[in-house]
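Peer 1:
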Amino acid sequence: MKEYAVPAAVEVDPGLNITDLLERQVAENPGNALFGRQLSPGEWTDVSASSFRDDVVSLAKGMIAKGIDTGDRVAIMAATRYEWTLLDFAIWYAGGITVPIYETSSPSQIAWIVEDSGTKLVFAETDSHAKAVDRAITQEKLDSVEHLLTIDSEDLNELRSAGSHISDDEVESRRSAANLADLSTIIYTSGTTGRPKGCELTHGNFAELSLNGTASLSEAIHSGSSTVLFIPLAHVFARFISVICVAAGARVGHTSDIKDLVDDLGTFKPTFLLAVPRVFEKIYNAAMMKAEGDGKGKIFQKAAQTAIDYSKAQEEGSAGFGLKLKHAVFDKLVYSKLRARMGGEVKYAVSGGSPLGARLGHFFHGVGLHVLEGYGLTETTAPITVNTPTATKIGSVGQPLPGCAVKIADDGEILGKGVCVFRGYRNRPDLADDTFDNDGWYRTGDIGTLDDEGYLSITGRKKEILVTAAGKNVAPAQLEDQIRADAIVSQVVVVGDGKPFVAALITLDPETLPVWLQRHNIPEDTPMGELIKNQTIIDHVQSVVDKANESVSRAESIRTFRLLEDDFTIDSGHLTPSMKIRRADVMKDYADVVEDLYTQAAEARSEKS
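Now the structure itself:
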């Protein structure tokens, strides 16, 4: 199939905007808890729809008093926290346009975003964030920023006081002025290459997609459901979930430090989660390492395989009596404990950002967590396709959401259209022809296929397809995802463009490595520089690579690899904030390593001959 469209499930008034979603909640159920705010570890205080709206209006008044006009850009540089969403809605109520800035951004990145967007007011979380913003403004002599306020100070209270003389009518006039076609936010893509581009997303992108999304995801996201956000709200994925939860009346908590996540899940007890695949990989690997550390590794492996088999059997029709019995036993011994670590109430998990893989999808489904894997980009307001509670095909990224459509171009590129697609890049009209085709379809840059029922599967990035010296096209993601799923592997970059064969750069995971080392009688304090030369580790990684190679032809298989001492991280500049590999930066910084890898391979072949 080359094209699949799902008609809109909800007819949306053209005059509606994102703030109307909150107004509806206040009108229909003012006491409904939209947020759980953690004031101290383990203690959550509910924030009702009416209380949230009252504070939003108070902060909006303060912004208006500070001179924010309709259409002005206001930036937020903060970790995922309650105040992020509070300020987001306050900006919209004041008639402004939100500009997210990742908390890890450098002064030069901050300067570019502020300058390109024309930001007038910046909310920074901490003094260090404020200093970074101030340094960016000073160094680049930016004159658009008139106010810099800090969240972790008295600035927000002072802002509330400053707007006390602004009338409710003024806020209502500002709030209700925007319609579906108006700009709501400019999100700068973290980008795997080049300078970030500002994606202009409208009120309609969020509001229409949320209202249509609740129609498909109502079993998972509804009034009475809850989630803990822990991925960056500067990223479109978490931002969309934040908005759709307001639309649905779901309760949201926030965790800014991933180290506190397990404890926070235990006390908040969410019914659904959202995460990038790397988080699910880490949950699986941590459970496996703990089991092996407790001497129960074989039990866990049998339990994991039973979960996978059970899920596959359910997908095909039903599981037999023997499999049901095994599943019931492992549910008490293993699965229930895994669910308990996620709070005990989780039934659904939304996964996006990169492919999860069928094995992990079946594993989590088999343990009682229905993973709703989806696909999208910043330019599509996060999901354009998603598996739903009633329509799931594990291994795919689902069908288009209502109001959206997907098409496969002749060269295999995925094209998108519908309520989710952005209007273009800020200040870059020159990119219009490269961004949209003649019929208005957005060019995603990803390669994929559609099956007969409209389920989309992702093959890889169009720009990341490697072409070996022999002319063989290789999609790195297919191999990278499988290798990265191993317990001690952190990151993988497949190389081979213009080379005689395919190879890989691999890093080890410092979090899961200690237990593995202990099991293999290797001192845990062994320096990483020595570990990457350890033959036991090399042999293990080779077995993982060999297993991945079974899924591709010999011409596409990884012939050799190099273990690296340093991991690819956001701080090193090799990962985006959404955990995607910055392939161009890796290839630039490790060019000598790649060249040496191929030189050694050539010398080895020469010696054999």
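Sequential numbering of the sequence shown, starting at 1, is according to the UniProt record's numbering.
Think of the CB as a built atom: it goes at the ideal place given N, C-alpha and C, for glycine as much as any other residue.
Enumerate in chain order the residues of its own chain whose CB-to-CB distance from residue 428 is below 7 Å, with the five nearest sequence positions on each side excluded.
Peer 2: In the sequence shown, residue 428 corresponds to position 428, counting from 1. Excluding positions up to five away in sequence, the list reads 197.
Peer 1: Measure the Cβ-Cβ separation of residue 496 and residue 466 and say whether it is below 9 Å.
Peer 2: The count along the sequence shown starts at 1 and reaches residue 496 at position 496. The count along the sequence shown starts at 1 and reaches residue 466 at position 466. Taking 9 Å as the Cβ cut-off, residue 496 and residue 466 qualify as a contacting pair.
Peer 1: Quick one: is residue 180 buried, meaning 16 or more other Cβ sit within 10 Å of its Cβ, or exposed?
Peer 2: Within the sequence shown, numbered from 1, the residue matching residue 180 stands at position 180. Buried, since its Cβ has 16 or more Cβ neighbours within 10 Å.
Peer 1: Could you tell me how far apart the beta carbons of residue 253 and residue 25 are, in whole angstroms, since I believe they sit closer than 8 Å?
Peer 2: If you number the sequence shown from 1, residue 253 lands on position 253. If you number the sequence shown from 1, residue 25 lands on position 25. Not a contact, Cβ separation roughly 17 Å.
Peer 1: Just to confirm the assignment, what range does the beta strand (DSSP E) spanning residue 386 have?
Peer 2: In the sequence shown, the residue the question calls residue 386 occupies position 386. 382 to 386 is the span of the beta strand (DSSP E), which, as asked, contains residue 386.
Peer 1: Suppose only complete runs of 3+ residues qualify. What are the beta strand (DSSP E) ranges in the stretch 269 to 294, listed by chain order?
Peer 2: Correct list: 272 to 275.
Peer 1: Can you round the beta-carbon distance between residue 413 and residue 474 to whole angstroms, since I take them to be within the 8 Å contact cut?
Peer 2: To locate residue 413, count along the sequence shown from 1; it is residue 413. To locate residue 474, count along the sequence shown from 1; it is residue 474. Rounded, the Cβ-Cβ distance is 17 Å, inconsistent with contact.
Peer 1: Determine contact between the stretch 52 to 60 and the stretch 117 to 129, defined as no fewer than three beta-carbon pairs at a distance below 8 Å.
Peer 2: Segments in contact, no.
Peer 1: Taking DSSP's pairing of strands, which residues face residue 679 in a bridge?
Peer 2: Nothing can be reported for residue 679, as the shown portion of the chain is limited to 1 through 609.
Peer 1: Cutting at 8 Å between CB atoms, please list the residues of its own chain near residue 86, excluding the five before and the five after it.
Peer 2: Here residue 86 is taken as the residue at index 86 of the sequence shown, counted from 1. So the list reads 52, 55, 56 and 59, once near-sequence residues are dropped.
Peer 1: Are there 16 or more other CB atoms within 10 angstroms of the CB of residue 61, so buried, or fewer, so exposed?
Peer 2: As a working mapping, residue 61 is identified with position 61 in the sequence shown. When all chains shown are included, residue 61 counts as buried.
Peer 1: Shortest alpha-carbon distance to residue 317 belongs to which of 393, 48 and 115?
Peer 2: Here residue 317 refers to the residue found at position 317 when the sequence shown is read from its first residue. Of 393, 48 and 115, the residue nearest in Cα terms is 393.
Peer 1: Between residue 146 and residue 120, what straight-line distance do the alpha-carbon atoms span, to the nearest angstrom?
Peer 2: What you label residue 146 is simply residue 146 of the sequence shown in a count that begins at 1. What you label residue 120 is simply residue 120 of the sequence shown in a count that begins at 1. Computed Cα separation, rounded: 6 Å.
Peer 1: Since residue 327 is in the alpha helix (DSSP H), which residue starts that stretch and which ends it?
Peer 2: As a working note, residue 327 is residue 327 in the sequence shown. Unbroken alpha helix (DSSP H) run through residue 327: 321 to 330.
Peer 1: Looking only at its chain, what residues have a beta carbon closer than 7 Å to the beta carbon of residue 568, apart from the 5 residues adjacent to it on each side?
Peer 2: Within the sequence shown, the letter at position 568 stands for residue 568. Correct list, in chain order: 491, 507, 574, 575, 581 and 586.
Peer 1: Residues in its own chain within less than 6 Å of residue 354 by CB, not counting five upstream and five downstream?
Peer 2: In the sequence shown, counting from the first residue as 1, residue 354 sits at position 354. Closer than 6 Å at Cβ, skipping near neighbours: 277.
Peer 1: Hey, would you say residue 389 sits closer than 9 Å to residue 372, going by beta carbons?
Peer 2: Here residue 389 is taken as the residue at index 389 of the sequence shown, counted from 1. Here residue 372 is taken as the residue at index 372 of the sequence shown, counted from 1. For residue 389 and residue 372, yes; Cβs fall inside 9 Å.
Peer 1: Mark residue 138 as exposed unless 16 or more other C-beta atoms lie within 10 angstroms of its C-beta, in which case mark it buried.
Peer 2: Here the question's residue 138 lines up with position 138 in the sequence shown. Result: exposed.
Peer 1: I'd like the span of the alpha helix (DSSP H) that includes residue 550, first residue to last.
Peer 2: Sequence index remark: in the sequence shown, residue 550 carries index 550 (1-based). Neither: residue 550 is in no alpha helix (DSSP H) and is coded neither H nor E.
Peer 1: Got a sec, what are the start and stop residues for the alpha helix (DSSP H) residue 209 sits in?
Peer 2: Counting from 1 along the sequence shown, the entry for residue 209 is found at position 209. Run containing residue 209: 203 to 216, per the alpha helix (DSSP H) assignment.
Peer 1: In this structure, does DSSP put residue 562 in helix, strand or coil?
Peer 2: Counted from its first residue, the sequence shown places residue 562 at position 562. Three-state result, residue 562: strand.
Peer 1: Note the first and the last residue of the continuous beta strand (DSSP E) segment covering residue 410.
Peer 2: Within the sequence shown, numbered from 1, the residue matching residue 410 stands at position 410. It is not in any beta strand (DSSP E) - residue 410 carries neither H nor E in the DSSP assignment.
Peer 1: Quick one: Cα of residue 272 to Cα of residue 357, how far?
Peer 2: Translated into positions along the sequence shown, residue 272 becomes position 272. Translated into positions along the sequence shown, residue 357 becomes position 357. The alpha-carbon atoms of residue 272 and residue 357 are separated by roughly 19 Å.
Peer 1: Taking the beta carbon of residue 213 as the centre, do at least 16 other beta carbons fall within 10 Å, making it buried, or is it exposed?
Peer 2: Taking the first residue of the sequence shown as position 1, residue 213 is located at position 213. Classification for residue 213: buried.
Peer 1: Which class does residue 27 belong to by DSSP, given the choice of helix, strand or coil?
Peer 2: The sequence position of residue 27 within the sequence shown is 27, counting from 1. Three-state result, residue 27: helix.
Peer 1: In chain order, which alpha helix (DSSP H) runs of at least 4 residues are fully inside the stretch 338 to 368?
Peer 2: If we require 4 residues or more, the alpha helix (DSSP H) runs fully inside the stretch 338 to 368 come out as 358 to 366.
Peer 1: Alpha carbon to alpha carbon, how far is residue 71 from residue 305?
Peer 2: One-based indexing of the sequence shown puts residue 71 at position 71. One-based indexing of the sequence shown puts residue 305 at position 305. The alpha-carbon atoms of residue 71 and residue 305 are separated by roughly 54 Å.
Peer 1: Please state whether the Cβ-Cβ distance between residue 77 and residue 234 is less than 9 Å.
Peer 2: What you label residue 77 is simply residue 77 of the sequence shown in a count that begins at 1. What you label residue 234 is simply residue 234 of the sequence shown in a count that begins at 1. Yes, the Cβ-Cβ distance between residue 77 and residue 234 is below 9 Å.
Peer 1: Going by alpha carbons, who is nearest to residue 216 out of 374, 449 and 532?
Peer 2: Within the sequence shown, the letter at position 216 stands for residue 216. Here the closest residue by C-alpha is 374.
Peer 1: Put residue 166 into one of helix, strand or coil per three-state DSSP.
Peer 2: Numbered from its first residue, the sequence shown carries residue 166 at position 166. Coil.
Peer 1: Alpha carbons only, please: which of 29, 455 and 409 is nearest the one belonging to residue 437?
Peer 2: What you label residue 437 is simply residue 437 of the sequence shown in a count that begins at 1. Per the Cα distances, 409.
Peer 1: Please determine, among 75, 13 and 432, the residue with the shortest C-alpha to C-alpha distance to residue 130.
Peer 2: Taking the first residue of the sequence shown as position 1, residue 130 is located at position 130. The residue with the shortest Cα to Cα distance from residue 130 is 75.
Peer 1: Assuming contact is defined by CB atoms lying nearer than 9 Å, are residue 422 and residue 202 in contact in what I supplied?
Peer 2: In the sequence shown, the residue the question calls residue 422 occupies position 422. In the sequence shown, the residue the question calls residue 202 occupies position 202. Their beta carbons are under 9 Å apart, which means residue 422 touches residue 202 by this criterion.
Peer 1: Cβ of residue 31 within 9 Å of Cβ of residue 73?
Peer 2: Translated into the one-based positions of the sequence shown, residue 31 becomes position 31. Translated into the one-based positions of the sequence shown, residue 73 becomes position 73. Cβ atoms of residue 31 and residue 73: not closer than 9 Å.
Peer 1: Does DSSP put residue 475 in a helix, a strand or coil?
Peer 2: As a working note, residue 475 is residue 475 in the sequence shown. Residue 475: coil per DSSP, three-state reduction.
Peer 1: In three-state DSSP terms, what is residue 574?
Peer 2: Within the sequence shown, residue 574 is the residue found at index 574, counting from 1. Residue state, collapsed to three classes: coil.
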